[in-house]
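> All residue numbers for the sequence shown refer to this note's numbering, where the first residue is 5 and numbers rise by one. Note that CB positions come from ideal geometry on N, CA and C, so glycine has one too. In this text, all values refer to a predicted model and were calculated from it rather than measured experimentally.
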Amino acid sequence: MVSNGQNALYFASGSLDLLAQLPDGTPVAAPLDALPALARQAPQHPYSLMGATQVAALADEAQQLLQRCGLAMQGDCRMNHLRITPLGTRRATWLSPQAVPTAPLDAPLPWRSIAVLGIEGFLDFQPQMAASSLQNQQGVDVRIGQLHLPALDRLRNNPSEFRAVNIARVLDMPAQGAALAEEIRRLADEAEAVFLPACLGLEDDQALQTLQQRLGKPVHLLPTLPPSVLGMRLHQALRQRLVQLGGVLMPGDRALRAEFDGGRVTALYTRNHGDIPLRASQLVLAGGSFFSNGLSSDSNGIREPVFGLDVYDSAERADWCRRDLFAPQPYLQFGVRTDARLRAIRQGQALDNLYAIGAVTGGYDPLQQGCGAGVSLLGALHAARNIVEQGEGA
Numbered sequence: 005m006v007s008n009g010q011n012a013l014y015f016a017s018g019s020l021d022l023l024a025q026l027p028d029g030t031p032v033a034a035p036l037d038a039l040p041a042l043a044r045q046a047p048q049h050p051y052s053l054m055g056a057t058q059v060a061a062l063a064d065e066a067q068q069l070l071q072r073c074g075l076a077m078q079g080d081c082r083m084n085h086l087r088i089t090p091l092g093t094r095r096a097t098w099l100s101p102q103a104v105p106t107a108p109l110d111a112p113l114p115w116r117s118i119a120v121l122g123i124e125g126f127l128d129f130q131p132q133m134a135a136s137s138l139q140n141q142q143g144v145d146v147r148i149g150q151l152h153l154p155a156l157d158r159l160r161n162n163p164s165e166f167r168a169v170n171i172a173r174v175l176d177m178p179a180q181g182a183a184l185a186e187e188i189r190r191l192a193d194e195a196e197a198v199f200l201p202a203c204l205g206l207e208d209d210q211a212l213q214t215l216q217q218r219l220g221k222p223v224h225l226l227p228t229l230p231p232s233v234l235g236m237r238l239h240q241a242l243r244q245r246l247v248q249l250g251g252v253l254m255p256g257d258r259a260l261r262a263e264f265d266g267g268r269v270t271a272l273y274t275r276n277h278g279d280i281p282l283r284a285s286q287l288v289l290a291g292g293s294f295f296s297n298g299l300s301s302d303s304n305g306i307r308e309p310v311f312g313l314d315v316y317d318s319a320e321r322a323d324w325c326r327r328d329l330f331a332p333q334p335y336l337q338f339g340v341r342t343d344a345r346l347r348a349i350r351q352g353q354a355l356d357n358l359y360a361i362g363a364v365t366g367g368y369d370p371l372q373q374g375c376g377a378g379v380s381l382l383g384a385l386h387a388a389r390n391i392v393e394q395g396e397g398a
């Protein structure tokens, strides 16, 4: 795996979306049941290319994969649930970490009173914002407070270090558990549940479970601004699984160009390896979108810079975006074209040994449709299946 920097999970909430909304704006409660409508409205969507039967099987397989990675997730592909966001609103999703507060669709939160607590001096989470929405929209009695923990004073003196990940490294230490519980008890003794910023559980849920036992009430975590502890934990678990299975990571490198022989990629050149090519019988492109430089744009249009693949785009730059910031943005659907097996298309032909998955692919809007994580995860499994089947048939 050639990796140039951190992936998008470092900026993610830790929850995974499968399908939350159809292109026409219809909310989706049951993602698998909505796949036929999605295929009619967006035949180029990766789910539509893979097919409803395959998507259903891959969604179940994805949940099992996460379990094998040691990730305890809540949710099911047959019915979305609602997770509580850092703003106190509710958002439909597929899978969420056990630590995240959730509720069934069209059901109220299970608590009548909640304490939303921040950490003194920590600017990446504002409890008053979450509390306002919870109280006004959910009808819950909410109190707010700021935790003061002397163990964090050293970090607090340097704002650049006072981030969720560094705080979690301190609060995850068993020696800090009693002081944290006592401070929460002082601020939230009468609340039925406690919401904290996700500054616990960088590697596992042990610190959170111990805290709940000490308090005798539910304690849940709300995502913070990046870097995200919940997203990093998901990334680390998947990376460890890759290494356990024999995968090799090449961090800090970047794919630059490729050589072809007919419909096959024969060599891949990277920044760190110079004129020494990497060779593999099968390749998977997961370079991300514009943010990760998996796609690039200039006055001449949109392009995929490494392999020169065909892309979904619009020739008129005026059609790339809309003036309304909150409207669906057309450029989010730009990306690499693939066939039903997710093989990348170049000059109108699917390449025999190059697959494209995730945000680098086009034909869908991950924000408006709430499907970004599902497209990435299910696309990876779909490509893996096809690679295995191709190897068995060789």
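Take every Cβ of the stretch 194-208, pair it with every Cβ of the stretch 30-43, and state whether three or more of those distances are shorter than 8 Å.
No, the stretch 194-208 does not touch the stretch 30-43.
> Which stretch, first to last residue, makes up the alpha helix (DSSP H) that contains residue 337?
Per DSSP, residue 337 belongs to no alpha helix (DSSP H) and is neither H nor E.
> Could you pull the DSSP bridge partners for residue 166 from this structure?
Partner(s): none; residue 166 has no beta bridge.
> In three-state terms, what does DSSP make of residue 302?
Three-state DSSP puts residue 302 in a strand.
> Label residue 52 either buried or exposed according to how many other C-beta atoms from any shown protein chain fall within 10 Å of its C-beta, with 16 as the threshold for buried.
Residue 52 counts as buried, since no fewer than 16 other beta carbons sit within 10 angstroms of its beta carbon.
> Looking at the unbroken alpha helix (DSSP H) that takes in residue 106, where does it start and where does it end?
Segment 106-108 is the beta strand (DSSP E) holding residue 106; no alpha helix (DSSP H) there.
> Given that a residue counts as buried once 16 or more other Cβ atoms are within 10 Å of its Cβ, and exposed if not, what is residue 188?
By the 16-neighbour rule on beta-carbons within 10 angstroms, residue 188 is buried.
> Give the DSSP bridge partners of residue 274, in chain order.
259
> Would you mind sorting residue 249 into buried or exposed? The rule is 16 or more other CB atoms within 10 Å of its CB.
exposed
> Since residue 241 and residue 74 should fall inside the 8 Å C-beta cutoff, what is the C-beta to C-beta distance between them, to a whole number of angstroms?
6 Å
> So what does residue 265 bridge to, in DSSP terms?
268
> Is it right to say residue 64 is buried, meaning 16 or more other beta carbons lie within 10 angstroms of its own, or is it exposed?
exposed
> Compute the beta-carbon to beta-carbon distance between residue 257 and residue 11, rounded to the nearest angstrom, for a pair I have assumed lies under 8 Å.
Not confirmed; about 14 Å, so no contact.
> May I ask which residues mark the beginning and end of the alpha helix (DSSP H) holding residue 39?
It spans 39-45 - the alpha helix (DSSP H) in which residue 39 sits, taken as one unbroken run.
> Would residue 342 be called buried (16 or more neighbouring beta carbons within 10 Å of its own) or exposed?
buried
> Going by DSSP in three states, residue 197 sits in which element: helix, strand or coil?
strand
> For residue 227, which residues in the same chain have their Cβ closer than 7 Å to its Cβ, ignoring the five residues on either side in sequence?
17, 18, 90, 202 and 234
> Residue 181 to residue 131, Cα distance in whole Å?
21 Å
> Could you check where the alpha helix (DSSP H) with residue 57 kicks off and where it finishes?
56-72
> Are three or more beta carbon pairs between the stretch 261-273 and the stretch 38-57 nearer than 8 Å?
no
> I want to know whether the stretch 142-153 touches the stretch 106-123 - three or more CB-CB distances under 8 Å.
Under the 8 Å Cβ criterion, the stretch 142-153 counts as touching the stretch 106-123, having at least three qualifying pairs.
> Using the C-alpha atoms, what's the distance from residue 24 back to residue 372?
Straight-line Cα distance between these residues: approximately 8 Å.
> Measure the alpha-carbon distance for residue 259 versus residue 381 and round it to whole angstroms.
22 Å
> Between which residues of its own chain and residue 414 is the CB-CB distance below 7 Å, once the five residues before and five after are set aside?
The question about residue 414 has no answer here: the residues shown for the chain are numbered 5 through 398.
> Taking the alpha-carbon of residue 59 as reference, which of 276, 357, 287 and 82 has the nearest alpha-carbon?
It is 82.
> Where do the ends of the alpha helix (DSSP H) carrying residue 247 lie?
That run of the alpha helix (DSSP H) goes 233-248.
> The beta strand (DSSP E) with residue 354 in it runs from where to where?
353-360
> If I measure Cβ to Cβ from residue 356 and keep anything under 7 Å in the same chain, skipping five residues before and after, which residues do I get?
267 and 268
> Give, in chain order, every unbroken run of the alpha helix (DSSP H) that is at least 4 residues long and sits entirely within the stretch 77-152.
131-142
> Closer than 8 Å by C-beta to residue 154: which residues in its own chain qualify, once you throw out the five before and the five after it? Chain order, please.
183
> Residue 280 lies in the alpha helix (DSSP H); which residues open and close that run?
No alpha helix (DSSP H) contains residue 280, which DSSP labels as neither H nor E.
> Are residue 299 and residue 364 close, meaning C-beta to C-beta below 8 Å?
The answer is yes: Cβ separation under 8 Å.
> Between 287, 297, 321 and 99, which has its C-alpha nearest residue 303's C-alpha?
321
> Check each candidate in 175, 186 and 339 and name the one with the smallest Cα separation from residue 294.
Distances from the CA of residue 294 to each of 175, 186 and 339 were compared; the closest alpha carbon is that of 339.
> For residue 7, which of helix, strand or coil comes out of DSSP?
strand
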